[in-house]
Amino acid sequence: MTYENLLIEAEEKGIKVKEKNMYVNLKGAYKDNKILINLKVSTNVEKKCILSEEIGHHETSYGNIIDDNKIVNKKQEVRARRWGYERTVKIPDLIKAYEYGAVSRFEIAQYLEVTEEHLINAITNYKKRYGYFVETENHYLYFEPYFKVEKKDNLFNNLISM
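Residue numbers (the working numbering): 5 to 166.
Right, here's the structure in full:
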């Protein structure tokens, strides 16, 4: 998924997206079916990460949540970020990155077209959700002590050869 794909998705949801100079220290903002992306954000990869979170606000938030001293606002922020992480860094896409040969955080982030920071946060999100690993039909994805994808056949073969 690219930034352009997310722009189309936003449009289909009835959200208008504008890139605009923002004079506050924000990279993006959402209000009333409108998303602003700060023009100071220079790459489409970073814009994609920001846009996914802002669409997450459209999907999960309500009211004014600017005041981050309120617990209810913090929770809405977390929900929107989670939505963005899970939209841009999906478990099947992590497996595809592994099968492509991407191993390091940099390579995986590059394959998924997200920032390394976004990838790390997405993996942390999955760890909170699933624990130390998650099992799919053919793979295990480990989140601790470091991120790793392992095909089930390989794991079984490694145990037999011991």
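Cβ coordinates follow ideal geometry from the N, Cα and C atoms, glycine included.
Please report the residue range of the alpha helix (DSSP H) in which Leu116 lies.
Reading the sequence shown from its first residue, position 112 is the one you call residue 116. Counting along the chain, the alpha helix (DSSP H) containing Leu116 begins and ends at Arg109 to Leu116.
Taking DSSP's pairing of strands, which residues face Val153 in a bridge?
Locating residue 153 in the sequence shown gives position 149, counting from the first residue. Val153 pairs with Leu145.
Leaving out five residues before and five after Asn48 in sequence, what residues of the same chain have Cβ atoms less than 6 Å from its Cβ?
For the purposes of this step, residue 48 is taken as the residue at position 44 of the sequence shown. If we look at Asn48 and ignore the five residues flanking it on each side, its Cβ neighbours are Tyr7.
Given 8 Å as the limit, is there contact between the stretch 121 to 136 and the stretch 81 to 98, that is, 3 or more CB pairs closer than that?
yes
Would you kindly report the start and end of the unbroken alpha helix (DSSP H) that includes Tyr7?
What you label residue 7 is simply residue 3 of the sequence shown in a count that begins at 1. Run containing Tyr7: Tyr7 to Glu16, per the alpha helix (DSSP H) assignment.
Measure how close the beta-carbons of Phe147 and Ile127 come, nearest whole angstrom, since I'm counting them as under 8 Å.
Start at 1 with the first residue of the sequence shown, and residue 147 comes out as number 143. Start at 1 with the first residue of the sequence shown, and residue 127 comes out as number 123. Contact holds; Cβ gap of about 6 Å.
Identify whether Val138 lies in helix, strand or coil by the three-state DSSP scheme.
Along the sequence shown, one-based indexing puts residue 138 at 134. In the three-state DSSP reduction, Val138 falls in the strand class (E or B).
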